[in-house]
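Numbering (my numbering), first residue to last: 622 to 940.
What follows is the structure, given as structure tokens:
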């Protein structure tokens, strides 16, 4: 076993938590999810015990992504003359280890967020009433009576559009990662002599169907967010490749006729359980979907900038 593989195994073993805790009481779950609000720079929280608990929760459920550069390739629909590679310097941030689950999202729905128009940008107000489940109740498209099936609580929430993902992220005190942050999370690793090099996949440069849930894996549907542990990043971020595409906070620009650009799309990353081409699951592959798309193969995860958190706790959180 190589030195890098040994270090990777030890780091992931120490960092990776068990499956997400999912208390069924919505109020308790909301408090469990909103730990970033407690330790943010803008927080008025002065209870040392609550701050320590919030920091433990953050470090269990999020992974620190180190600063560094990442190279963004042109999106898959870019015209030939726009095919330039952008090098983006990413500052350190925390990324969710798991995509947001159905269990997590129940607290957001139960909070009445879909009835609070101030949570939504004005351009989407006319659509919020259409963000309903199969029974016509507010919530993800595949739910019934405002609830997910009990056997899918630990599956990624899907059937939510980009606006819903953004609203949830803000509700818990986080935000969606941008394209460079998502790619940095998925592709960085530290090799020999501390040198960093971007990978095509979190585990290396060759696709392995045993490490991600895509079409060739033969599963054919989303699985729990804690599956495919061997496909984690070195610091324990799960399923950045496969299972569901992930919304990111970047517009996806589509060239159109006569040099016009087609707007109203957001970028998605990582591929899903029904992605056929392995090339579309590379960390560097960029695609997009309409902002209001609510498909069964798209979910999301959240992040928070290190600079938005209390400095002292970020450097040496007390337990």
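Where a beta carbon is used, it is the ideal one built from N, C-alpha and C, also for glycine.
Beta carbon of residue i: closer than 7 Å to some heavy atom of the ligand FAD?
{"i": "residue 893", "result": "For the structure depicted, the ligand FAD is absent and the ligand set is empty, with no information on it obtainable."}
Identify, in the order they occur along the chain, each residue of the same chain with its Cβ nearer than 8 Å to the Cβ of residue i, setting aside the five sequence neighbours on each side.
{"i": "residue 763", "result": "754, 755, 769, 779, 780 and 917"}
{"i": "residue 871", "result": "799, 800, 887 and 888"}
{"i": "residue 833", "result": "822, 849, 852, 860, 862, 863, 864, 892 and 902"}
Apart from the five residues just before and just after residue i, which ones in its own chain have a Cβ nearer than 7 Å to its Cβ?
{"i": "residue 644", "result": "Unreliable placement is indicated for residue 644, whose pLDDT of 47 sits below 50; no coordinate value is reported for it."}
{"i": "residue 892", "result": "835, 862, 863, 866, 901 and 902"}
{"i": "residue 920", "result": "720, 721, 777, 778, 779, 865 and 867"}
{"i": "residue 805", "result": "686, 689, 691 and 711"}
{"i": "residue 885", "result": "911 and 912"}
{"i": "residue 683", "result": "715, 716, 717 and 718"}
{"i": "residue 757", "result": "none"}
Measuring alpha carbon to alpha carbon, tell me which of the options ends up nearest residue i.
{"i": "residue 792", "options": "774, 826, 837 and 731", "result": "731"}
{"i": "residue 863", "options": "717, 774, 898 and 759", "result": "898"}
{"i": "residue 821", "options": "665, 914, 693 and 667", "result": "693"}
{"i": "residue 790", "options": "886, 841, 902 and 726", "result": "726"}
{"i": "residue 739", "options": "927, 784, 681 and 772", "result": "784"}
{"i": "residue 707", "options": "905, 911, 915 and 926", "result": "905"}
{"i": "residue 742", "options": "912, 823 and 711", "result": "912"}
{"i": "residue 675", "options": "660, 921, 664 and 684", "result": "660"}
{"i": "residue 866", "options": "728, 679, 803 and 827", "result": "803"}
{"i": "residue 657", "options": "737, 919 and 714", "result": "714"}
{"i": "residue 681", "options": "857, 747 and 771", "result": "857"}
{"i": "residue 915", "options": "840, 751 and 718", "result": "751"}
{"i": "residue 852", "options": "758, 671 and 827", "result": "827"}
{"i": "residue 760", "options": "718, 728, 837 and 808", "result": "728"}
{"i": "residue 841", "options": "797, 885 and 894", "result": "894"}
{"i": "residue 797", "options": "717, 771, 885 and 808", "result": "717"}
{"i": "residue 734", "options": "837, 684, 758 and 788", "result": "788"}
{"i": "residue 839", "options": "684, 896 and 758", "result": "896"}
{"i": "residue 782", "options": "758, 757 and 869", "result": "869"}
How would you label residue i, buried or exposed, when you count the other beta carbons within 10 angstroms and need 16 or more for buried?
{"i": "residue 669", "result": "exposed"}
{"i": "residue 766", "result": "exposed"}
{"i": "residue 665", "result": "exposed"}
{"i": "residue 667", "result": "exposed"}
{"i": "residue 922", "result": "buried"}
{"i": "residue 924", "result": "buried"}
{"i": "residue 736", "result": "exposed"}
{"i": "residue 786", "result": "buried"}
{"i": "residue 746", "result": "exposed"}
Can you tell me the Cβ-Cβ gap for residue i and residue j, rounded? I've got them flagged as a contact below 8 Å.
{"i": "residue 846", "j": "residue 722", "result": "6 Å"}
{"i": "residue 655", "j": "residue 794", "result": "6 Å"}
{"i": "residue 929", "j": "residue 712", "result": "Not a contact, Cβ separation roughly 11 Å."}
{"i": "residue 931", "j": "residue 671", "result": "Contact flag wrong, Cβ pair sits at about 12 Å."}
{"i": "residue 854", "j": "residue 807", "result": "7 Å"}
For residue i, which residues from the same chain have a beta carbon less than 6 Å from its beta carbon, with the 5 sequence-adjacent residues on both sides left out?
{"i": "residue 690", "result": "708 and 710"}
{"i": "residue 749", "result": "741"}
{"i": "residue 773", "result": "723"}
{"i": "residue 678", "result": "656"}
{"i": "residue 837", "result": "830"}
{"i": "residue 910", "result": "889"}
Based on the DSSP output, what are the partners of residue i in its beta bridges?
{"i": "residue 738", "result": "Paired residue(s): none; residue 738 is not in a bridge."}
{"i": "residue 925", "result": "715"}
{"i": "residue 759", "result": "753"}
{"i": "residue 692", "result": "708"}
{"i": "residue 679", "result": "DSSP, once it has assigned bridges, lists no residue as partnering residue 679."}
{"i": "residue 777", "result": "722"}
{"i": "residue 886", "result": "911"}
{"i": "residue 919", "result": "866"}
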